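Before any comments, here is the structure.
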Amino acid sequence: MRDTRRRNGKELMNTLKQQWFGNIRGDVLAGITVALALIPEAIAFSIIAGVDPMVGLYASITIAIVISIAGGRPGMISAATGAMAVLMVGLVKDYGVEYLFAATILTGIIQFILGIFKVGRFITFVPHSVLTGFVNALAILIFMAQLTHFTGANWIMYAMVAGTLAIVYILPRFFKAAPAPLIAIIVMTIITAMLNLDVRTVGDMGNLTSTLPMFHLPNIAWTWDTLMILLPYSFTLALVGLLESLLTATIVDEMTETKSSKNREVRGQGIANFINGLFGGMAGCAMIGQSVINVKSGGRGRLSTFTAGAFLAILLLLLSGVVKQVPMGALVGVMFMVCIGTFDWSSIKNIARVPRAEAFVMIVTVAIVVYTHDLSIGVMVGVVLSVLHFGWKQTKIRVQASQEQGHKVYRVHGPFFFGSSSRFVDEFDAEADPKEITIDFGGSHIWDNTAVVAIGKVKFKYAKLGKTVHLRGLNEESTRILERSGFATAGGHGS
17 MRDTRRRNGK ELMNTLKQQW FGNIRGDVLA GITVALALIP EAIAFSIIAG
67 VDPMVGLYAS ITIAIVISIA GGRPGMISAA TGAMAVLMVG LVKDYGVEYL
117 FAATILTGII QFILGIFKVG RFITFVPHSV LTGFVNALAI LIFMAQLTHF
167 TGANWIMYAM VAGTLAIVYI LPRFFKAAPA PLIAIIVMTI ITAMLNLDVR
217 TVGDMGNLTS TLPMFHLPNI AWTWDTLMIL LPYSFTLALV GLLESLLTAT
267 IVDEMTETKS SKNREVRGQG IANFINGLFG GMAGCAMIGQ SVINVKSGGR
317 GRLSTFTAGA FLAILLLLLS GVVKQVPMGA LVGVMFMVCI GTFDWSSIKN
367 IARVPRAEAF VMIVTVAIVV YTHDLSIGVM VGVVLSVLHF GWKQTKIRVQ
417 ASQEQGHKVY RVHGPFFFGS SSRFVDEFDA EADPKEITID FGGSHIWDNT
467 AVVAIGKVKF KYAKLGKTVH LRGLNEESTR ILERSGFATA GGHGS
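The following block contains the structure:
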């Protein structure tokens, strides 16, 4: 026992060492790049939610730092997000920002409880077609969000975006010591400052103050009525945040060819939002755009996520004047890189090769997400369509009749559940059949009570004519279902 504990402890230490210090240089540089890209996003999401820009920035700092320790997916970036921001608008408008902080705390509590019940396992029920639709829709939404920065822009903005993309894609062929997106941002910032170019900068997005998030208990009445106000918002925020986080974790798993603990990620998101609400932040979740930037820039471990949050804090505290000079053209160029890297181009090339139903589900998922700007609705509709298609395919139960030593046998093939029960009943000809028949379930499985009722209907049809039905070939679980219904004790179960 002692040797086992020692071995497990050693394995844990090796894992932590690898996740934190296995890629120090790559993680630090990637985290710095992500921190710069987080600023305009956090400000924009704060504006959507109707709160001060610093609320989104505080959330991004706090969540990134906490999730780097508590999360289950190393290298994934979590911060303030647009998907969460749109859900807060009504709460902030009707009750104020203090209620938002309280809702964020409650969101974290709900997520942590869901993590205890291991809801992370349900991400396995999201089909690949829905995941592909989610990724493609998110890439389109990120692209569309950047177009607003071109409103009223001059030719310099277009040139800066083109220059950023050129550095991002060409530089890595000759120089890989630092992430190309980070170099592109630095180069464009220097050019803007030296030539005093007339372009929109981060400073134009919103007011940045040189302060760090501080502990702040929401100034609200802690009553039952307040809880009833917060609960609907917090529950929705919790579910949407977990859905986006788990889907993003799955995508990062595929990009890095590694596995992650989804249930730990759920609990980690809860812890991060709980602490975030106590430090004046808005509820957040995983960000696929920034996660892609992190991975593309060489970030793999927890240190990259921690660096993103910590360096963002340093930027605000010590370098806010420099940050304000970063041109939006450079950041838009980096986000265009994210769009190109996120979109699953093979899904377009292979759309004629995959089953039509899966292609339809992917297209519907993309269309709904792009139209509603709500990732959760698109994914849920995609999952429901996939389930309906799967259920329809599984209704094709087959019942084959044959003679076996002068005895008529019906052999059942396929899953037997509510979707196939009516077809099962129609396969029997009680009037023409002999006094005794056997139904062989060796090629089937009884899944629910509707199937049991269908068997009862068949037995009743034969019983009215004075005929007997024998059941055989039942597996262990099917037998238990029938026994609980009383079939086995009624004399119908046997050879």
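Going from the sequence shown to this note's numbering is simple: count from 1 and add 16.
Glycine is no exception: its CB is placed at the ideal position from the N, C-alpha and C atoms.
Here the structure is a predicted model, which is why all the values come from computation and not from measurement.
**Study point:** Rounded straight-line distance, which links the Cα of SER402 to that of SER437
**Key:** 21 Å
**Study point:** Bridge-paired residues (DSSP) for VAL425
**Key:** SER418 and THR454
**Study point:** Reference TYR14, options MET344, THR358, ILE497 and TRP408, closest by Cα
**Key:** The question about residue 14 has no answer, for the chain in this structure spans 17 to 511.
Check your understanding: Alpha carbon to alpha carbon, what distance is there between LYS275 and LYS33?
Key -> 17 Å
Point to revise | Counted within 10 angstroms of its Cβ, other Cβ atoms place ASN366 as buried (16 or more) or exposed | key: exposed
Review point. What residue range is occupied by the uninterrupted alpha helix (DSSP H) comprising ARG500?
Key: 492 to 501
Review point. Does the separation of the CB atoms of MET303 and THR358 fall below 9 Å?
Key: no
Practice item. Would you identify the three-state DSSP class for ARG488, choosing helix, strand or coil? Key: strand
Practice item. Identify the continuous alpha helix (DSSP H) that holds ALA265 and give its terminal residues. Key: 240 to 272
Point to revise | Spatial neighbours of LYS340 in its chain, beta-carbon cut-off 7 Å, leaving aside the 5 residues before and after | key: THR217, VAL218, GLY219 and LEU224
**Study point:** Assigned secondary structure, ILE462 (DSSP; H/G/I helix, E/B strand, else coil)
**Key:** strand
Exercise for review: Using DSSP bridges, identify the partner residues of SER94.
Suggested key: ALA302
Check your understanding: At what residue ranges does the segment 127 to 194 contain a whole run of the alpha helix (DSSP H), taking only runs of 4 or more?
Key -> 144 to 163 and 171 to 186
Check your understanding: Where does the unbroken alpha helix (DSSP H) through HIS405 begin, and where does it stop?
Key -> 391 to 410
Check your understanding: Just checking, does the segment 477 to 485 make contact with the segment 446 to 456 on the three C-beta pairs under 8 Å criterion?
Key -> yes
Review point. Sorted by chain position, which residues of the same chain lie with C-beta nearer than 6 Å to VAL338's C-beta, five sequence neighbours on each side aside?
Key: none
Exercise for review: May I ask you to list the residues that DSSP assigns as paired with PRO69?
Suggested key: According to DSSP, which records beta bridges pairwise, PRO69 is partnered with nothing at all.
Review point. Counting Cβ pairs, one atom from each stretch, are 3 or more of them under 8 Å apart for the segment 143 to 160 and the segment 286 to 298?
Key: no
Point to revise | Element boundaries [alpha helix (DSSP H), containing PHE444] | key: It is not in any alpha helix (DSSP H) - PHE444 carries neither H nor E in the DSSP assignment.
Point to revise | DSSP-derived helix/strand/coil call for PHE432 | key: strand
Check your understanding: Looking at the unbroken alpha helix (DSSP H) that takes in GLY349, where does it start and where does it end?
Key -> 344 to 358
Check your understanding: Counting along the chain, where does the alpha helix (DSSP H) carrying MET210 start and finish?
Key -> 196 to 211
Review point. Do you know how far the Cα of ILE199 is from the Cα of MET76?
Key: The sequence given here has Ser at residue 76, not Met. Cα to Cα, the separation comes out at about 22 Å.
**Study point:** Contact belief for ILE309 with VAL354 at Cβ below 8 Å, rounded distance in angstroms
**Key:** 6 Å
Practice item. Decide if the segment 389 to 399 is in contact with the segment 132 to 147; the criterion is three or more beta carbon pairs, one per stretch, under 8 Å apart. Key: yes
Point to revise | Cut-off 8 Å between Cβ atoms - residues of its own chain near GLY435, not counting five sequence neighbours on either side | key: GLY407, TRP408, GLN410 and THR411
Exercise for review: Please classify THR225: does DSSP put it in a helix, a strand, or coil?
Suggested key: coil
Point to revise | Cβ contact check for the segment 47 to 60 and the segment 324 to 332: 3 or more pairs under 8 Å | key: yes
Practice item. Leaving aside the five residues before and after ILE413 along the sequence, list all residues of the same chain whose C-beta is less than 8 Å from its C-beta, in chain order. Key: VAL428, HIS429, GLY430, PRO431, PHE432, SER436, ARG439, PHE440 and SER460
Review point. Taking Cβ positions, are ILE236 and TYR387 nearer each other than 9 Å?
Key: no
Exercise for review: For THR239, count neighbouring C-beta atoms within 10 Å of its own C-beta (all shown protein chains included) and say buried if the count is 16 or more, exposed if not.
Suggested key: exposed
Check your understanding: Span of the alpha helix (DSSP H) holding VAL385?
Key -> 372 to 388
Practice item. Determine the direct distance from the alpha carbon of VAL468 to that of TYR249, and round the result to whole angstroms. Key: 42 Å
Practice item. Name the residue from ALA95, THR148, PHE138 and ILE139 whose alpha carbon lies nearest to the alpha carbon of THR120. Key: ALA95
Review point. In whole angstroms, what is the alpha-carbon distance linking ASP442 and HIS423?
Key: 20 Å
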